[in-house]
């Protein structure tokens, strides 16, 4: 019997990661495609899968957003109001369906990554987890009982408002919709806009990192008070600066101030706020998990 | 055949509402018991139900919190770290079990109220709803697929941090744990602490109400970005000032800035942010719904 194969796509603002396989131990081939204009990018994605179409049960796509994942909506599978040039109102699902001719399941990028981690990674075996990415954008995927949480629309949890002390940090914020929302203060582009160089060029001893950790901690505390996930997984380019984890953990504890009683918050917060177990493959494997759930 | 009867209790910081029946159209008897010290209050609650014990299938309690609703925890059914004098570390479930001798199901007050509204009220027929109370405290209950959302702990969504402009509002906040969290800025006691008189004594044209609506709107926007509920029901004493609803709705739209595309947010927000359909009976009926779900 031949192993069933599935395609995974992580559609991100800087790259589209694609893979074929059936889980983290079974990746047959993968590719990283630069995100340029929609037509060009999606043509390359289709090109990657084309030789394998006869073997694929289906493809799962986790896309950056806002991404319409309501099957009843006329813009189902569209990226809607993104500030990313060229990508607003892009029918990704339509283009891929046309180009590939195999069944495609879609969700938000962070929902897919959260699903991947919950299937094979840091949140495996847990009922309720949160995956957050802090990079070009900030977004989160809540996985409850094996399924990404959606509602009236898809969550866009990077856009929450958090306290912003303008004396300590006069930066007015980089979000074109909300200025100094969490993403507007703490995403990679927000750091770049403050200092004129990318986050990774600041150096680990730059005083800004305490402020960055403070913004992340304020957001995490809000997520904890609202969702109470059993684990929080922090991915994305900014969190590749590993020294941020302990700064964030400490500030979360200061902000919670022992109001919520649980060992994972009070004593073992290093096991509560963690990096992705699947590393930078969480998203593409999550896409694969979407396809396996829908067509496996 | 005799109708099955259930008991409902809404355990609040100022009163314990109790009722016996099987839904909003079938309330046999009800009582409102002042919240004093735990022993006294719970003795009166037991006294209310005692004549009917032989007819009751079970009782459901929605309690103020932080309330431990994890059946695996040694403090299951306890109010844990509340600042309310006399009530920290109170074993409510134990006292009621001992006093009543009937099966008892428990949850957070706001979870019960959310459940009541979702069974018989404003969120009836919806998959995913949020009930928020703004009164003595602020808390929220998220109902997904007919069940209150819990995780590592119970959500305590009144304690999220939101922007606080100390120039416009120099009040340092009333929350003993977090000072100027949402509850610390916008609860009934926070209003009382600012003006030396209760919220209802301010009068509808007091300029503070725009600020209050702004705090509520900031919190709602965070809930929307994180949870994306299909409806938000606002109860509690502060929201009995009905003029607040339109102020809140308008400020929510300003803050969202059309980032999330849905008619309920863009056009029909008066049907998205609504008062409880069950009025001040949402909580006690929610307790009844808890009992009906567990023992019906």
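Residue numbers (my numbering), protein chains in the order written: chain A, 64 to 359; chain B, 64 to 359.
By construction, the Cβ of each residue, glycine as well, lies at the ideal position given by its N, Cα and C atoms.
Nothing here was measured: the structure is a model prediction, and the numbers come from that model.
Between the CA atoms of residue j and residue i - distance to the nearest angstrom
i                     : j                     : result
residue 296 (chain A) : residue 192 (chain A) : 8 angstroms
residue 294 (chain B) : residue 145 (chain A) : 24 angstroms
residue 111 (chain A) : residue 94 (chain A)  : 7 angstroms
residue 332 (chain A) : residue 253 (chain B) : 31 angstroms
residue 77 (chain A)  : residue 184 (chain A) : 24 angstroms
residue 197 (chain B) : residue 265 (chain B) : 16 angstroms
residue 171 (chain B) : residue 300 (chain A) : 38 angstroms
residue 251 (chain A) : residue 200 (chain A) : 7 angstroms
residue 73 (chain A)  : residue 80 (chain A)  : 5 angstroms
residue 248 (chain B) : residue 343 (chain B) : 23 angstroms
residue 314 (chain A) : residue 276 (chain A) : 7 angstroms
residue 143 (chain B) : residue 284 (chain A) : 19 angstroms
residue 274 (chain B) : residue 258 (chain B) : 14 angstroms
residue 137 (chain B) : residue 321 (chain A) : 18 angstroms
residue 329 (chain B) : residue 99 (chain A)  : 31 angstroms
residue 64 (chain A)  : residue 167 (chain A) : With a pLDDT of 47 at residue 64 (chain A), under the threshold of 50, the modelled position of this residue cannot be trusted, and the question is left open.
residue 225 (chain A) : residue 278 (chain A) : 7 angstroms
residue 352 (chain B) : residue 214 (chain B) : 21 angstroms
residue 188 (chain A) : residue 83 (chain A)  : 24 angstroms
residue 304 (chain B) : residue 262 (chain B) : 9 angstroms
residue 115 (chain A) : residue 255 (chain A) : 40 angstroms
residue 119 (chain A) : residue 286 (chain B) : 39 angstroms
residue 106 (chain B) : residue 131 (chain A) : 53 angstroms
residue 41 (chain B)  : residue 206 (chain A) : Limits of chain B in this structure are 64 at one end and 359 at the other, which puts residue 41 (chain B) out of reach.
residue 240 (chain B) : residue 134 (chain B) : 26 angstroms
residue 75 (chain B)  : residue 204 (chain A) : 33 angstroms
residue 102 (chain A) : residue 272 (chain A) : 38 angstroms
residue 174 (chain B) : residue 306 (chain A) : 38 angstroms
residue 324 (chain A) : residue 186 (chain A) : 21 angstroms
residue 86 (chain B)  : residue 357 (chain B) : 15 angstroms
residue 340 (chain B) : residue 195 (chain A) : 35 angstroms
residue 165 (chain B) : residue 154 (chain B) : 16 angstroms
First through last residue of the alpha helix (DSSP H) which encompasses residue i
i                     : result
residue 327 (chain A) : 326–329
residue 126 (chain B) : From DSSP, residue 126 (chain B) is part of no alpha helix (DSSP H) but of the beta strand (DSSP E) over 119–126.
residue 161 (chain A) : 155–163
residue 66 (chain B)  : No alpha helix (DSSP H) contains residue 66 (chain B), which DSSP labels as neither H nor E.
residue 102 (chain B) : 101–112
Environment of residue i [buried if 16+ CB atoms lie within 10 Å]
i                     : result
residue 117 (chain A) : exposed
residue 281 (chain B) : buried
residue 288 (chain B) : buried
residue 311 (chain A) : buried
residue 246 (chain A) : buried
residue 222 (chain B) : buried
residue 91 (chain A)  : exposed
residue 317 (chain A) : exposed
residue 326 (chain B) : exposed
residue 104 (chain B) : buried
residue 211 (chain A) : buried
residue 161 (chain B) : exposed
residue 231 (chain A) : exposed
residue 97 (chain A)  : exposed
residue 243 (chain A) : buried
residue 208 (chain A) : exposed
residue 127 (chain B) : buried
residue 233 (chain B) : exposed
Supposed contact pair residue j and residue i - C-beta distance, whole angstroms, cut 8 angstroms
i                     : j                     : result
residue 338 (chain B) : residue 308 (chain B) : 7 angstroms
residue 140 (chain B) : residue 156 (chain B) : 2 angstroms
residue 68 (chain A)  : residue 109 (chain A) : Wrong, their Cβ atoms sit about 17 angstroms apart, outside the cutoff.
residue 347 (chain A) : residue 291 (chain B) : The pair is not a contact, with the Cβ atoms about 25 angstroms apart (cut-off 8 angstroms).
residue 219 (chain B) : residue 202 (chain B) : 7 angstroms
residue 349 (chain B) : residue 178 (chain B) : 5 angstroms
Residue i: first and last residue of the uninterrupted beta strand (DSSP E) it sits in
i                     : result
residue 240 (chain A) : First-last for residue 240 (chain A): undefined, no H or E at that position.
residue 92 (chain A)  : 90–97
residue 80 (chain A)  : 78–84
residue 168 (chain B) : 167–171
residue 215 (chain B) : Looking at the DSSP string, residue 215 (chain B) is not in any beta strand (DSSP E), and its letter there is neither H nor E.
residue 298 (chain B) : 295–298
Proximity test, residue i beta-carbon vs the ligand ATP heavy atom, cut-off 7 angstroms
i                     : result
residue 152 (chain A) : Ligands are entirely absent from the displayed structure, and the ligand ATP is therefore not among its contents.
Practice task
May I have a chain-ordered list of the alpha helix (DSSP H) segments no shorter than 4 residues that lie completely inside the stretch 314–356 of chain B?
Solution key: DSSP runs (the alpha helix (DSSP H)) wholly in the stretch 314–356 of chain B: 326–329.
Exercise for the section: Could you tell me which uninterrupted beta strand (DSSP E) segments, each at least 3 residues in length, are contained entirely in the stretch 184–213 of chain A, listed from first to last along the chain? Expected result: You should have 191–197 and 201–207.
Practice task
Run through the stretch 228–291 of chain B for me and flag every whole alpha helix (DSSP H) of 4 or more residues, listed as ranges in chain order.
Solution key: Whole alpha helix (DSSP H) segments, 4+ residues: 245–249, 251–258 and 271–290.
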